[in-house]
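Heads up: the structure comes next, in structure tokens.
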Amino acid sequence: MASNPMQRQKRTSFLLGFLTMLILSVIVIGFLGFTLFQMKAEEKAEQEAMKDAYVLTSDVKSGESINASVMKKQKVSGDLVPNNRFVDANFVDEEGNEIEDLVAKIDLNRGTIVTADMVTISSEKATDDIRIQEYNIATLPTEIQTGDYVDIRIRFPSGLDYIIVSKKQINILQAGGVDSVDTFTVNLSEDETLLMSCAIVEAFAVNGTEIYVNRYRDPGMQAAATPTYQLNDQVQRLVSNNPNITDEAKAALFNRYSSEERGKINAHIESAEDALDNIEAGIESHITRQKQYKQEYLDALSGM
Numbered sequence: 006m007a008s009n010p011m012q013r014q015k016r017t018s019f020l021l022g023f024l025t026m027l028i029l030s031v032i033v034i035g036f037l038g039f040t041l042f043q044m045k046a047e048e049k050a051e052q053e054a055m056k057d058a059y060v061l062t063s064d065v066k067s068g069e070s071i072n073a074s075v076m077k078k079q080k081v082s083g084d085l086v087p088n089n090r091f092v093d094a095n096f097v098d099e100e101g102n103e104i105e106d107l108v109a110k111i112d113l114n115r116g117t118i119v120t121a122d123m124v125t126i127s128s129e130k131a132t133d134d135i136r137i138q139e140y141n142i143a144t145l146p147t148e149i150q151t152g153d154y155v156d157i158r159i160r161f162p163s164g165l166d167y168i169i170v171s172k173k174q175i176n177i178l179q180a181g182g183v184d185s186v187d188t189f190t191v192n193l194s195e196d197e198t199l200l201m202s203c204a205i206v207e208a209f210a211v212n213g214t215e216i217y218v219n220r221y222r223d224p225g226m227q228a229a230a231t232p233t234y235q236l237n238d239q240v241q242r243l244v245s246n247n248p249n250i251t252d253e254a255k256a257a258l259f260n261r262y263s264s265e266e267r268g269k270i271n272a273h274i275e276s277a278e279d280a281l282d283n284i285e286a287g288i289e290s291h292i293t294r295q296k297q298y299k300q301e302y303l304d305a306l307s308g309m
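Taken in order, the sequence shown gives residues 6 to 309; the numbers are from the working numbering.
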């Protein structure tokens with residue numbers, strides 16, 4: 006039976022429409038599939054380009070410790086990561102031992118990607134002879150605070166000025182939450198303790214002599230100054246026979262010894278009037294001040 010021309014036309018239109026929709030669907034699906042594939046490829050490429058980096062979780066000041074408590078390892082876009090980024094290998098020395106005394110060279114903000122150029126090894130080494138020493142005989146700068154790195158120096162009335170010990174992190178003691186005006190602690194090795202003791206006695210002997218502290222501006226970037234204070238002959242002999250002082254430290258003390266500079270210091274001591282009386286009075290004052298501060302500290306603890 007012959008088809009109606011109208012029916013044939015409708016059927017043809019339907020088939021053409023269906024075919025058109027099918028082609029469009031294939032195109033759309035193909036486009037979407039290609040786009041999805043491209044997105045996944047880009048995402049994979051980005052993931053592959055991500056690199057491990059250590060990022061600071063808090064602000065760190067110059068000279069402060071850089072360790073696991075202030076940074077975390079996370080994936081960061083390779084475009085943002087410097088080639089000298091801090092990596093696991095930076096935590097160990099050439100012998101594979103963990104380095105525990107890493108410090109910041111400069112002030113760093115939270116969120117900073119840590120690079121090897123930002124970090125150095127602290128000049129304060131934890132050797133077996135390190136002890137916490139407490140003093141109240143030095144003049145402290147007005148703006149000093151706990152954590153600052155300092156040199157401790159001695160200045161004679163003539164203007165002679167020597168570094169006793171260099172680049173020490175200072176801890177200002179507190180009583181009732183208030184910083185002491187003169188009492189602090191520092192970590193010293195055996196040879197440094199003897200240097201300080203010698204300098205204190207000689208400062209007491211010569212009226213007008215001052216032991217004082219000055220700060221490093223950028224301790225992470227600035228190397229420790231070379232101590233210049235000269236031990237007297239009696240303490241030099243003590244150093245020679247002291248088993249608690251390393252051979253390296255002894256050599257350093259003896260190598261910097263200058264009879265000319267020591268002679269200048271001796272001249273002050275020898276010309277000082279009532280040197281022994283001055284030393285006795287100075288030591289007595291030092292002990293009295295220590296007792297007073299200890300009592301202030303205990304009173305603060307008890308709430309008095």
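All C-beta atoms in this analysis are idealised placements derived from N, C-alpha and C, irrespective of residue type, glycine included.
Small disclaimer: the values here were computed from a predicted structure and weren't measured.
Taking 7 Å as the limit between beta carbons, can you name the residues of its chain near glutamate 197, skipping five residues before and five after?
Answer for glutamate 197: Val170, listed in chain order.
Close beta carbons around leucine 37, own chain, < 8 Å, minus the five adjacent residues each side
Leaving aside the five residues that flank leucine 37 on each side, none in its chain has a CB nearer than 8 Å to its CB.
Check whether the Cβ atoms of aspartate 112 and serine 67 sit closer than 7 Å, and answer yes or no.
Contact flag set, yes.
Alpha helix (DSSP H) segment containing lysine 296, residue limits
280-307 is the span of the alpha helix (DSSP H), which, as asked, contains lysine 296.
In chain order, what residues of the same chain have a beta carbon less than 7 Å from the beta carbon of methionine 6, not counting five sequence neighbours either side?
Note that methionine 6 scores 49 on pLDDT, short of 50, meaning its location in the model is unreliable; the coordinates nonetheless yield the value given after this. Hits under 7 Å: none found.
Can you tell me the Cα-Cα spacing of isoleucine 137 and glutamate 215, whole angstroms?
Answer to the nearest angstrom: the Cα atoms are 22 Å apart.
What residues in its chain sit with their C-beta under 7 Å from that of threonine 132, if we drop five residues either side in the sequence?
Contacts found: Ser194.
Which first and last residues belong to the beta strand (DSSP E) in which phenylalanine 189 is found?
Element bounds for phenylalanine 189: 183-193.
Let me know the secondary structure DSSP gives glycine 22 once reduced to three states.
In the structure shown, glycine 22 sits in a helix (DSSP, three-state: H, G or I).
Residues of its chain near isoleucine 168, where Cβ-Cβ distance is below 8 Å and the 5 sequence neighbours each way are ignored
Excluding positions up to five away in sequence, the list reads Asp156, Ile157, Arg158, Ala230, Thr231, Pro232, Thr233, Tyr234.
Of the residues Glu207, Val86, His291, Gln79, which one's Cα is nearest the Cα of asparagine 271?
The shortest C-alpha separation from asparagine 271 is found at Glu207.
Could you spell out where the beta strand (DSSP E) holding asparagine 260 opens and where it closes?
Asparagine 260 -> not in any beta strand (DSSP E); alpha helix (DSSP H) instead, spanning 252-260.
Arginine 160 bridges to which residues according to DSSP?
DSSP lists Asp166, Glu215 as partners of arginine 160.
Hey, asparagine 89 and alanine 121: beta-carbon distance below 7 Å or not?
Going by C-beta atoms, asparagine 89 is nearer than 7 Å to alanine 121.
Give me the DSSP bridge partner(s) of methionine 76.
Its beta-bridge partners are Leu61.
Within 7 Å, strictly: CB atoms of alanine 143 and glutamate 301:
At a Cβ-Cβ threshold of 7 Å, alanine 143 and glutamate 301 do not count as neighbours.
Taking 6 Å as the cut-off, is the C-beta of isoleucine 157 nearer than that to any heavy atom in the ligand ZN?
This structure does not include the ligand ZN; it has no bound ligands of any sort.
Starting from isoleucine 274 and walking both ways along the alpha helix (DSSP H), at which residues does that stretch end?
Unbroken alpha helix (DSSP H) run through isoleucine 274: 264-276.
Applying the criterion that 16 or more other CB atoms from any shown protein chain within 10 Å of the CB defines a buried residue, is isoleucine 292 buried or exposed?
Exposed.
Under the three-state DSSP convention, the category asparagine 176 falls into:
Strand, per DSSP.
Residue range of the unbroken beta strand (DSSP E) whose run includes leucine 107
Boundaries of the beta strand (DSSP E) around leucine 107: 107-109.
Just to confirm the assignment, what range does the beta strand (DSSP E) spanning arginine 136 have?
Start and end: 136-140.
Answer with buried or exposed for tyrosine 140, where buried requires no fewer than 16 other C-beta atoms within 10 angstroms of its C-beta.
Counting C-beta atoms within 10 angstroms of its own C-beta, tyrosine 140 has 16 or more neighbours from the protein chains shown and is therefore classed as buried.
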